[in-house]
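Residue numbers (my numbering): 3 to 243.
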Amino acid sequence: MAIFAANFKCNLTRAQTKAYIEGLESYVSRTQSVGKREVFVFPNQAALLENTYGFVRVGAQNAHCVENGGFTGEIGAQQLREFGIDSILIGHSERRTIFGESQEYIAQKFAYFAKAGFRIIYCIGEDLAVRQNGSVEEFLRSEFRGIDTKYENLIVAYEPIWAIGTGVSASLEDIEHTHKFLRSFLDVPLLYGGSVNETNAGEILYLANVDGVLVGSASLELTRFCEIIESKATSDTAESK
Ligand code: 13P
């Protein structure tokens, strides 16, 4: 089972998102290895759609850890429930760095949505300084502070910050090495994210301990995201892992 997740971030309108997801649903339903793939789309919050598709799962990029209340600009579990949404990204580096989410707050969010039974794609990843000073493993471990790594609906996405939105993904060696480290203490699906595209997805998905990809920019065009999903078939036909 490979996991393909599209993170639209602050892109696409509601109408564009709807047309995209309908197209994606049709593509996934037509391809033969449907059962071997799990496909998520995380639209912009203003473009949330009901999570009622047969193959594509619509999830939330973010929410506050609350049912509802006086939290201007936020959405809570009540609003997500109305859309039938039961999966969420937590810990994305853009939330951590641009919006200042602390590990403590992220851990609170994690506990809240885990209690609610959500599928959580928990994102981690170091910046360039950490990579260069050789403390990647220690840093990544610190991003699990307060996180229940045994949570049954957990997926972890390793997204090195220096590879996000740069057009240059981490090298295959770096991905393989870091995922091997993560596998040493995580028994959950492991995704890689950071400049994944239709050209590099196949070789990334072929690596040991890579169970899927979390895609930003290259997911914004339906044909490109479908090619990324298709690239798994190509890596499947190569020698099995
Ligand atoms: P890019 O694919 O644009 O590098 O973004 C990755 C990401 O942040 C997905 O969550």
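Where a beta carbon is used, it is the ideal one built from N, C-alpha and C, also for glycine.
On a predicted model such as this, the values are computed, not experimentally measured, just so you know.
Distance from the Cα of ALA48 is smallest, within the candidate group ASN70, CYS12 and VAL58, for CYS12. Within the region 204-241, complete alpha helix (DSSP H) segments of at least 4 residues are found at 224-239, given in chain order.
Straight-line spacing of the CA atoms in TYR160 and TYR29 works out to 27 Å. Given a length threshold of 4 residues, each whole run of the alpha helix (DSSP H) inside the region 98-150 is given here in chain order: 105-117, 130-134 and 138-144.
Taking 8 Å as the cut-off, the C-beta of GLY196 counts as close to a heavy atom of the ligand 13P. Take the alpha-carbon of ALA131 and the one of LYS182: they are about 21 Å apart.
Every beta strand (DSSP E) of 3 residues or more that sits fully in the region 155-193 is shown, in chain order, as 156-160. Leaving aside the five residues that flank ALA165 on each side, the residues in its chain whose CB is nearer than 6 Å to its CB run, in chain order, SER171, ALA172, GLY196 and SER197. Between LEU51 and THR19, the gap from beta carbon to beta carbon is short of 9 Å. Leaving aside the five residues that flank TYR55 on each side, the residues in its chain whose CB is nearer than 8 Å to its CB run, in chain order, ILE23 and GLU27. Under the three-pair Cβ rule at 8 Å, the region 72-79 does not count as touching the region 140-147.
Annotation: the region 14-50 contains the following complete segments of the beta strand (DSSP E) (minimum length 3 residues), in chain order: 39-44. For ALA62, the three-state secondary structure derived from DSSP is strand. ALA4 is bridged by DSSP to ARG39.
CA-to-CA, the gap between ASN202 and GLY86 works out to about 33 Å.
Here the alpha carbons of VAL158 and ASP189 stand approximately 10 Å from one another.
The nearest non-hydrogen atom of the ligand 13P is 8 Å or more from the C-beta of ILE126.
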